[in-house]
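Accompanying notes for the structure given below.
There are 6 protein chains.
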Amino acid sequence: MKKPAPTLSHLDAEGRPGMVDVGSKSPTARTARAEAIVDFTPALARALRRTGRSAKGNVLDTARVAGVLAAKKTAELIPLCHSLPLDHVDVQGHWKGSSLVLTSTASCRGATGVEMEALTAVGLAALTVYDMCKAVDKGLVIRAIRLLEKTGGKSGTFRAEK
Amino acid sequence: MKKPAPTLSHLDAEGRPGMVDVGSKSPTARTARAEAIVDFTPALARALRRTGRSAKGNVLDTARVAGVLAAKKTAELIPLCHSLPLDHVDVQGHWKGSSLVLTSTASCRGATGVEMEALTAVGLAALTVYDMCKAVDKGLVIRAIRLLEKTGGKSGTFRAEK
Amino acid sequence: MKKPAPTLSHLDAEGRPGMVDVGSKSPTARTARAEAIVDFTPALARALRRTGRSAKGNVLDTARVAGVLAAKKTAELIPLCHSLPLDHVDVQGHWKGSSLVLTSTASCRGATGVEMEALTAVGLAALTVYDMCKAVDKGLVIRAIRLLEKTGGKSGTFRAEK
Amino acid sequence: MKKPAPTLSHLDAEGRPGMVDVGSKSPTARTARAEAIVDFTPALARALRRTGRSAKGNVLDTARVAGVLAAKKTAELIPLCHSLPLDHVDVQGHWKGSSLVLTSTASCRGATGVEMEALTAVGLAALTVYDMCKAVDKGLVIRAIRLLEKTGGKSGTFRAEK
Amino acid sequence: MKKPAPTLSHLDAEGRPGMVDVGSKSPTARTARAEAIVDFTPALARALRRTGRSAKGNVLDTARVAGVLAAKKTAELIPLCHSLPLDHVDVQGHWKGSSLVLTSTASCRGATGVEMEALTAVGLAALTVYDMCKAVDKGLVIRAIRLLEKTGGKSGTFRAEK
Amino acid sequence: MKKPAPTLSHLDAEGRPGMVDVGSKSPTARTARAEAIVDFTPALARALRRTGRSAKGNVLDTARVAGVLAAKKTAELIPLCHSLPLDHVDVQGHWKGSSLVLTSTASCRGATGVEMEALTAVGLAALTVYDMCKAVDKGLVIRAIRLLEKTGGKSGTFRAEK
Numbered sequence: 012m013k014k015p016a017p018t019l020s021h022l023d024a025e026g027r028p029g030m031v032d033v034g035s036k037s038p039t040a041r042t043a044r045a046e047a048i049v050d051f052t053p054a055l056a057r058a059l060r061r062t063g064r065s066a067k068g069n070v071l072d073t074a075r076v077a078g079v080l081a082a083k084k085t086a087e088l089i090p091l092c093h094s095l096p097l098d099h100v101d102v103q104g105h106w107k108g109s110s111l112v113l114t115s116t117a118s119c120r121g122a123t124g125v126e127m128e129a130l131t132a133v134g135l136a137a138l139t140v141y142d143m144c145k146a147v148d149k150g151l152v153i154r155a156i157r158l159l160e161k162t163g164g165k166s167g168t169f170r171a172e173k
Numbered sequence: 012m013k014k015p016a017p018t019l020s021h022l023d024a025e026g027r028p029g030m031v032d033v034g035s036k037s038p039t040a041r042t043a044r045a046e047a048i049v050d051f052t053p054a055l056a057r058a059l060r061r062t063g064r065s066a067k068g069n070v071l072d073t074a075r076v077a078g079v080l081a082a083k084k085t086a087e088l089i090p091l092c093h094s095l096p097l098d099h100v101d102v103q104g105h106w107k108g109s110s111l112v113l114t115s116t117a118s119c120r121g122a123t124g125v126e127m128e129a130l131t132a133v134g135l136a137a138l139t140v141y142d143m144c145k146a147v148d149k150g151l152v153i154r155a156i157r158l159l160e161k162t163g164g165k166s167g168t169f170r171a172e173k
Numbered sequence: 012m013k014k015p016a017p018t019l020s021h022l023d024a025e026g027r028p029g030m031v032d033v034g035s036k037s038p039t040a041r042t043a044r045a046e047a048i049v050d051f052t053p054a055l056a057r058a059l060r061r062t063g064r065s066a067k068g069n070v071l072d073t074a075r076v077a078g079v080l081a082a083k084k085t086a087e088l089i090p091l092c093h094s095l096p097l098d099h100v101d102v103q104g105h106w107k108g109s110s111l112v113l114t115s116t117a118s119c120r121g122a123t124g125v126e127m128e129a130l131t132a133v134g135l136a137a138l139t140v141y142d143m144c145k146a147v148d149k150g151l152v153i154r155a156i157r158l159l160e161k162t163g164g165k166s167g168t169f170r171a172e173k
Numbered sequence: 012m013k014k015p016a017p018t019l020s021h022l023d024a025e026g027r028p029g030m031v032d033v034g035s036k037s038p039t040a041r042t043a044r045a046e047a048i049v050d051f052t053p054a055l056a057r058a059l060r061r062t063g064r065s066a067k068g069n070v071l072d073t074a075r076v077a078g079v080l081a082a083k084k085t086a087e088l089i090p091l092c093h094s095l096p097l098d099h100v101d102v103q104g105h106w107k108g109s110s111l112v113l114t115s116t117a118s119c120r121g122a123t124g125v126e127m128e129a130l131t132a133v134g135l136a137a138l139t140v141y142d143m144c145k146a147v148d149k150g151l152v153i154r155a156i157r158l159l160e161k162t163g164g165k166s167g168t169f170r171a172e173k
Numbered sequence: 012m013k014k015p016a017p018t019l020s021h022l023d024a025e026g027r028p029g030m031v032d033v034g035s036k037s038p039t040a041r042t043a044r045a046e047a048i049v050d051f052t053p054a055l056a057r058a059l060r061r062t063g064r065s066a067k068g069n070v071l072d073t074a075r076v077a078g079v080l081a082a083k084k085t086a087e088l089i090p091l092c093h094s095l096p097l098d099h100v101d102v103q104g105h106w107k108g109s110s111l112v113l114t115s116t117a118s119c120r121g122a123t124g125v126e127m128e129a130l131t132a133v134g135l136a137a138l139t140v141y142d143m144c145k146a147v148d149k150g151l152v153i154r155a156i157r158l159l160e161k162t163g164g165k166s167g168t169f170r171a172e173k
Numbered sequence: 012m013k014k015p016a017p018t019l020s021h022l023d024a025e026g027r028p029g030m031v032d033v034g035s036k037s038p039t040a041r042t043a044r045a046e047a048i049v050d051f052t053p054a055l056a057r058a059l060r061r062t063g064r065s066a067k068g069n070v071l072d073t074a075r076v077a078g079v080l081a082a083k084k085t086a087e088l089i090p091l092c093h094s095l096p097l098d099h100v101d102v103q104g105h106w107k108g109s110s111l112v113l114t115s116t117a118s119c120r121g122a123t124g125v126e127m128e129a130l131t132a133v134g135l136a137a138l139t140v141y142d143m144c145k146a147v148d149k150g151l152v153i154r155a156i157r158l159l160e161k162t163g164g165k166s167g168t169f170r171a172e173k
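Protein chains in written order, with my numbering: chain A, 12 to 173; chain B, 12 to 173; chain C, 12 to 173; chain D, 12 to 173; chain E, 12 to 173; chain F, 12 to 173.
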């Protein structure tokens, strides 16, 4: 027996895109965490790591600032997103072999979730890393931008599979 | 014998991030193509494809518009990017099994390349697809945002490996 | 006997423009509906309608996305407007002879009304329609951008005359 | 015999919206003029005019600044517009009975026209006038936003009919 | 005996910049006042003052509108600032000899203070004054951008020394 | 004998603000340098300097990124400024006693000067420094935002007095 097709909440009866009306939802505490992974060649990863804290810190810090600023612009970038009063957003990075793993956390007290803010933060942080390294290697790949976790709201907690 | 470490053009002598000065470069024709792949579960991919042109077209069209608008904001989002007068930017999508493949092309006549515009276009298009489908599946993964090709400028043509 | 002149709340004692202070107002539910009408030549209206759902849908869908995005930027565009946390904004369109009637609805729970958000949504949606059709007819006229209705707030309900 | 349907340059072969590629066009001098008319009740028009230069000047000046700023954001607001390096943009206003007539001029040396900049300028100026007067009269109507003239480019000069 | 070094709340344990998490703070009424002083040459100050209300009013009014708009963009301009729902923001100006003193007030009901909004308002108003006068005198100096007062929040009231 | 009053190029015949029309100017190489000075208490200056490169570098680096991003938004912030295609913009900082001296350079090939870009860069960098240090000392004062030098264009070279 076939499962019923999932429905796509952003499409109205005639298939036209539209914002979800959150007017009947009360603000509640919400969080989200997301991740983006940038794969470097081993040589470039070594170079970035070897130059030590200041240089590496600077690529990462610029990317982190870009991510925080982008999160605050999510509603301007994602057409059907609501503006949310973020309580906090942060981007961190750590190395895993030749890959730079960027993770974000976002939180708000709002009527809808902060998943897109967390995802936009890591997405733009990753693009900024690409921009700062592309003179050396245009072959860098951003992979696995994904939601790690969200809490709060009617749909409750989500955790990505390992 | 060890190869010399690649240098990172965006870092100055003290390791501080900074914009590249393009004042001595003449404007030349430049293009870039980039790609982002969004992996769906087979059930959601079927649902999106089954609802046919209007529904699928609408998710994709909204994402395409988001991508074009984002490309025009690249310099506002990527801290060390230059503003470029884009001649054209476009985002297209096609299905490959349960994956939606978004590709962008960007072109300008400018003193620096349009790689970041092309990458930003597909990155935001992919995040918009996620936003429009997340009510059904928060486990969607954006993978492989990468530059496919660039032409023009001193560094010439780049093509990604298959 | 002459009626006293109406006063213009945005002008202070010296006639200088300024924002209204809403600090003493409590957030309440507010809605607004607005309308913009784009007049086409009969031939262009027929062409747009004849190409059927996908083509017409696309001009309209692009305009609707532009309207939703513009509504979220109202406070950035209208100098003395407050930023409002929109619960919902939507733009719809229907044909009335050779005219495309765009209507918007906006709602929020805020200390001031959402009239400008609704008006900005249809205004920019109409400008987007113009942009997408101007290669065929630069003589298109946008007429009758107006508020249809607002509810909520101290001044209560307003309904435009027919 | 039926005339062939006009074609809509922004729709590609499959009816999807897209930017026009201007990469093969050389920059040339271009101008555009547009108009928006705001209809007041006679009482409000009298009040605005009677308060004399400073008050009237202030409503108009705020609207003019809003229009100039909006023109510079056209490419951010109209999805398929190109960014253009404006040489000049200006908004003026004069009274015609109870109607405030706002006119804009825009010019650039670019590969595509400045019609949308001129129209966006008067459109946002008119919305700003509405915002500043709506406490007195929510029934104000913006009518007849239209292009008055454009010059330059392949399609040459356009002048609106009287 | 040496006083302990002040700690800088925006730096995390590793010295990386980050936003302050305000998720545990309740919204309370907050205000801030700031000041910027623009020093003119006596001749230019006289010219600006002599041309009377309309001309002087216009430089100042344009600067005031620029300041209000900038205050609403504070979170977009200052990387680690939170978006705040401003209840009110205003910029005023008065002459003190050859100096134009710009003062701003900002207020909100939020989980963090509005100091940066008040400072950004006067900062951009002062830069706008510079822009409008620089054809006459590029030697204008903006001096003493500073917070005059803030109220509300855990740290209570601050008043600048005379 | 009285010198004639300087004229203010941004005011038209009726004293209304307006953009300068640069349509008859050819693009030429232009540069500008500006400066902002942030005065700290000696204790806070010592703390910032003592924490060494990473902490100081981070406050400064965040401010530098904020300054570069702000320069690219100058035309959006200063109402009567033209959009300019910046070839380069940079913000640097050094200590002079208890004062942090921020200097910017901006350059473009355009029809009008980059003074406002250089000034906006240091202005926002200074406000960002304030934001990052205000938890420790709200009494920080930004003083002496001024143009140091500009080259290019009809008015030629300007150098600030010492």
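Even glycine gets a Cβ: it sits at the ideal position worked out from N, Cα and C.
Please read these numbers as outputs of a predicted model, since none were measured by experiment.
7 Å Cβ cut-off: residues of chain F touching residue i
i, result
"aspartate 32/A", "Ordered by position in chain F, no residue passes the 7 Å Cβ test against aspartate 32/A, which lies about 31 Å from the chain."
Opening and closing residue of the alpha helix (DSSP H) in which residue i lies
i, result
"threonine 73/B", "63-83"
Residue range of the unbroken beta strand (DSSP E) whose run includes residue i
i, result
"alanine 45/E", "39-50"
"aspartate 148/A", "No beta strand (DSSP E) holds aspartate 148/A; DSSP gives it neither H nor E."
"cysteine 119/D", "110-121"
"leucine 97/C", "97-107"
"alanine 155/B", "152-162"
Pairwise C-alpha distance: residue j and residue i
i, j, result
"alanine 47/D", "valine 152/D", "11 Å"
"proline 90/A", "arginine 44/A", "21 Å"
"aspartate 32/E", "alanine 122/E", "10 Å"
"lysine 161/B", "glycine 29/C", "49 Å"
"serine 94/C", "alanine 77/A", "23 Å"
"glycine 108/A", "methionine 143/B", "34 Å"
"leucine 111/D", "alanine 137/B", "45 Å"
"lysine 173/D", "alanine 54/C", "20 Å"
"arginine 41/E", "alanine 129/E", "11 Å"
"glycine 63/F", "threonine 168/E", "Its pLDDT being 37, under 50, glycine 63/F is placed unreliably by the model, and the measurement read from it follows with that caveat. Rounded to the nearest angstrom, the two C-alpha atoms are 32 Å apart."
Which listed residue (the options) has its alpha carbon closest to that of residue i
i, options, result
"histidine 105/E", "Ala86/E, Val70/E, Met143/E and Leu97/E", "Val70/E"
"leucine 97/D", "Phe51/D, Thr85/D and Gly108/D", "Thr85/D"
"glutamine 103/D", "Gly34/D, Gly134/D, Glu87/D and Pro53/D", "Gly134/D"
"threonine 116/C", "Thr52/C, Thr39/C and Glu126/C", "Glu126/C"
"serine 35/A", "Thr139/C, Cys119/C, Val147/C and Lys149/C", "Cys119/C"
"lysine 165/F", "Lys165/E, Leu80/E, Ala146/E and Phe51/E", "Ala146/E"
"isoleucine 156/E", "Asp148/E, Glu87/E and Leu113/E", "Leu113/E"
7 Å Cβ cut-off: residues of chain B touching residue i
i, result
"threonine 76/C", "According to the sequence as given, residue 76/C is valine; it is not threonine. Thr73 and Val76, listed in chain order."
"leucine 97/F", "His93 and Ser94"
Contact set between residue i and chain A, taken where Cβ atoms lie within less than 8 Å
i, result
"serine 118/C", "Asp32 and Gly34"
"lysine 83/C", "Ala86, Glu87 and Ser94"
Partners in chain A for residue i, counting only beta-carbon separations shorter than 9 Å
i, result
"glutamate 46/E", "The premise fails here: glutamate 46/E is roughly 27 Å from chain A at the closest Cβ pair, so nothing lies under 9 Å."
Within chain E, partners of residue i - CB distance below 7 Å
i, result
"arginine 60/F", "Correct list: empty, because the minimum Cβ distance to chain E is about 10 Å."
Beta-carbon neighbours of residue i, restricted to chain C and to distances below 7 Å
i, result
"threonine 131/D", "Leu138"
Listed by chain order, chain B residues near residue i by CB distance under 8 Å
i, result
"proline 90/D", "Val76, Val79 and Leu80"
Interface partners of residue i on chain A, CB under 7 Å
i, result
"glycine 29/E", "Asp101"
Contact set between residue i and chain B, taken where Cβ atoms lie within less than 9 Å
i, result
"glutamate 126/A", "Tyr141, Asp142, Lys145 and Lys149"
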